[in-house]
Amino acid sequence: MFSGRDETGRKRFFPEVSSMDYREARSCIDEANRFGHEMGLGAVTALLEEMGNPQQELACILIAGTNGKGSVGAYMASVLAGAGYRVGRFVSPTLYGYRERIQIHENWISEEDFTACMEVTWTAVQRLLAAGKSCPSPFEIETALSFYYFKEKKCDLVILECGMGGATDATNVVSRTLLAVITSISLDHMEYLGDTLEEIAENKAGILKPGAVLVTGRQEPVVARTLTRICEERGNRQVTACPGEARVLVSDIDGQRFVYRGMEVAIRLAGEHQVDNGVLAIEALWELRRQGYGITDRQIREGMAATVWRGRLTRLRRDPDFIVDGAHNPDAARRLKDALEKYYAGQKPVFLMGIYRDKQVDEICRIMAPMAKEIYTIETPGDMRAMPAGELADRVAPYNPAVYACGSLEEGAQKSCAAAGAKGVVAAFGSLSFIGPLTRIVEETR
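Spelled out as structure tokens, the structure:
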């Protein structure tokens, strides 16, 4: 654990820091919500300056995009760890616990380390407030804390998932960006990022720093043109993965095997889009190798095969098959629909749906609902953004009248399994927010 002290035993940066316990450290995030927050990078930049700019000592890979950020980051982290590098990861959102967002080699930050890092971070926040400056947002505080942690742990590389967008995302304050990886871009968060694919692509391309290499893959034509134009204007080199060159040998709900540019790779993640994500990760790793990082093709194959990233077309049980997926926007919904039609051809799945109010609910319902045998709606407990189950059922009904609102996750899991029968399939989707608690419920009752 960190002491938060220098080699002489003195507190680092902020001698007035008082000792916290983990509960108090977590409460700082709630406390930050009491303040208004300014848009842009001003607040997080000021916070990091108070903390000694730990981000300046990190070699970073930034990942932006609408879908696939976590999968690409998981593939890359697994390979790099297998190649002997100490790899930090900042994950957003989390599935199974708060500390999951900050990890090294899949090991979450400990309560002790989180508390020690929060002492430093929160004292810096207090100094900003005392000087009349804006309070950083909870996400900005978590981002700054992660930079401090990764610096203290002497990470060789840090993989950062942008929370939303790119240009003004808190992760975009890093000084040394080796790669800017942009996954599939589609319409999401339009109230913040813009109403068109071109506007959203412009925002996400904001992670391109001078000297950074853009690595991207399959995109809508307008997105591809926008990214290429920005690279040309800024003088950044671009590497484009070509999923169309991947030859799939095996594909089922438990994983896939494909050949890409002479390399045969096995992955545990299902769905055609995971081949896209895998190919993008491979190209990013090859680019790191061109930059001097020691990564062999064998290490790529082994690391990809070992990658586990739950909540993405993950089968939790059999009899019936119970699938969870984080599909929370129309593009992800289409990919889930395609996967279900491929892996469960001839079957009508039962759906368990829970969606945030601020998502494109009607479009997701239009894409998914007609294919279902029955649909059960749920609400993530204690989540203010979650649409109530009854309201969601009303939104589903025009597309499939066999819809029923459930009062709890337990009820939803029980009723959907009963409706599917032992030979059927249940697909739970619409948000990553309920996948963690739902996974525990399903695995405890199978």
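Just so we're aligned, residue 630 is where the sequence shown starts under my numbering, counting upward by one.
The beta carbon of each residue, even a glycine, is placed where N, CA and C say it ideally should be.
Values in this document were obtained by computation on a predicted structure and should not be read as measured data.
Extent of the continuous beta strand (DSSP E) to which residue i belongs
{"i": "T806", "result": "805-811"}
{"i": "F1058", "result": "1054-1058"}
{"i": "L786", "result": "786-790"}
{"i": "T943", "result": "943-946"}
{"i": "F664", "result": "No beta strand (DSSP E) holds F664; DSSP gives it neither H nor E."}
{"i": "V953", "result": "950-953"}
Strand pairing of residue i, partner residues [DSSP]
{"i": "R876", "result": "V888"}
{"i": "I1004", "result": "F980, V1032"}
{"i": "V844", "result": "V810, V868"}
{"i": "W737", "result": "Q732"}
{"i": "Y985", "result": "A1015"}
{"i": "N696", "result": "S813"}
{"i": "A1026", "result": "According to DSSP, which records beta bridges pairwise, A1026 is partnered with nothing at all."}
Residue range of the alpha helix (DSSP H) that includes residue i
{"i": "R963", "result": "959-972"}
{"i": "M997", "result": "990-997"}
{"i": "D905", "result": "901-919"}
{"i": "L1067", "result": "1064-1074"}
{"i": "C860", "result": "850-863"}
{"i": "D824", "result": "Element bounds for D824: n/a, residue is neither H nor E."}
{"i": "V673", "result": "671-679"}
{"i": "F719", "result": "Per DSSP, F719 belongs to no alpha helix (DSSP H); it is in the beta strand (DSSP E), 716-719."}
{"i": "D659", "result": "651-661"}
{"i": "I770", "result": "767-781"}
{"i": "I929", "result": "926-935"}
{"i": "E1039", "result": "1038-1049"}
Candidates the options, of which the one nearest residue i by Cα
{"i": "E741", "options": "T752, W751, R728, E735", "result": "R728"}
{"i": "D991", "options": "T800, K971, A962, Y1005", "result": "A962"}
{"i": "R847", "options": "F743, R995, G907", "result": "G907"}
{"i": "Q867", "options": "V879, G900, L843", "result": "L843"}
{"i": "R930", "options": "I993, A899, E893", "result": "E893"}
{"i": "D716", "options": "C784, A1057, R919, M680", "result": "First, the residue type needs correcting, since residue 716 is Val and not Asp in the sequence shown. Closest option to V716, Cα to Cα, is C784."}
{"i": "A1042", "options": "E1008, D1012, P1017", "result": "E1008"}
{"i": "E667", "options": "A834, F768, R652", "result": "F768"}
{"i": "K780", "options": "A688, L945, Y985, A672", "result": "A688"}
{"i": "E874", "options": "N801, I911, I692", "result": "I911"}
{"i": "S1037", "options": "T1006, E901, A853", "result": "T1006"}
{"i": "V810", "options": "D948, M1013, G694", "result": "G694"}
{"i": "A760", "options": "S1062, A672, L826, A1051", "result": "A672"}
Rounded separation between residue i and residue j - CA only
{"i": "N682", "j": "L914", "result": "27 angstroms"}
{"i": "T1068", "j": "T1074", "result": "10 angstroms"}
{"i": "A830", "j": "T855", "result": "7 angstroms"}
{"i": "E861", "j": "A1049", "result": "52 angstroms"}
{"i": "V851", "j": "H957", "result": "22 angstroms"}
{"i": "P839", "j": "N865", "result": "7 angstroms"}
{"i": "A841", "j": "R805", "result": "8 angstroms"}
{"i": "F887", "j": "S815", "result": "25 angstroms"}
{"i": "I731", "j": "R718", "result": "6 angstroms"}
{"i": "E771", "j": "G891", "result": "41 angstroms"}
{"i": "R634", "j": "A654", "result": "Because R634 sits at a pLDDT of 38, beneath the cut-off of 50, its placement in the model cannot be relied upon, and the following sentence gives the value as read from the coordinates. Roughly 17 angstroms between the two C-alpha positions."}
{"i": "V1055", "j": "C1046", "result": "7 angstroms"}
{"i": "F643", "j": "H734", "result": "Annotation note: pLDDT 35 at F643 (below 50); position unreliable, coordinate value reported separately. In a straight line, the C-alpha of F643 is about 30 angstroms away from that of H734."}
{"i": "V1158", "j": "S813", "result": "The chain is shown only over 630 to 1075; residue 1158 falls outside these bounds and no answer can be derived."}
{"i": "G697", "j": "G921", "result": "26 angstroms"}
{"i": "G1065", "j": "P1010", "result": "12 angstroms"}
{"i": "Q684", "j": "L945", "result": "38 angstroms"}
Same chain only: Cβ atoms within 6 angstroms of residue i, ignoring 5 sequence neighbours per side
{"i": "E1039", "result": "I1070"}
{"i": "V1032", "result": "I1004, A1022, V1025, A1026"}
{"i": "S766", "result": "H666"}
{"i": "L676", "result": "A753, P765, A773"}
{"i": "M1016", "result": "I984, R986"}
Own chain residues within Cβ distance below 7 angstroms of residue i, not counting five before or after
{"i": "R756", "result": "E679"}
{"i": "M649", "result": "T744, M747, E748"}
{"i": "A712", "result": "G923, I924, Q928"}
Close beta carbons around residue i, own chain, < 8 angstroms, minus the five adjacent residues each side
{"i": "P959", "result": "S815, L816, Q989, E992, I993, I996"}
{"i": "M933", "result": "Y704, S707, V708, V894, A895, I896, G907, A910, I911"}
{"i": "Y714", "result": "D785, L786, Y922"}
Near the ligand MG: residue i beta-carbon under 8 angstroms from a heavy atom
{"i": "G835", "result": "No copy of the ligand MG occurs in the structure displayed, which carries no ligand at all."}
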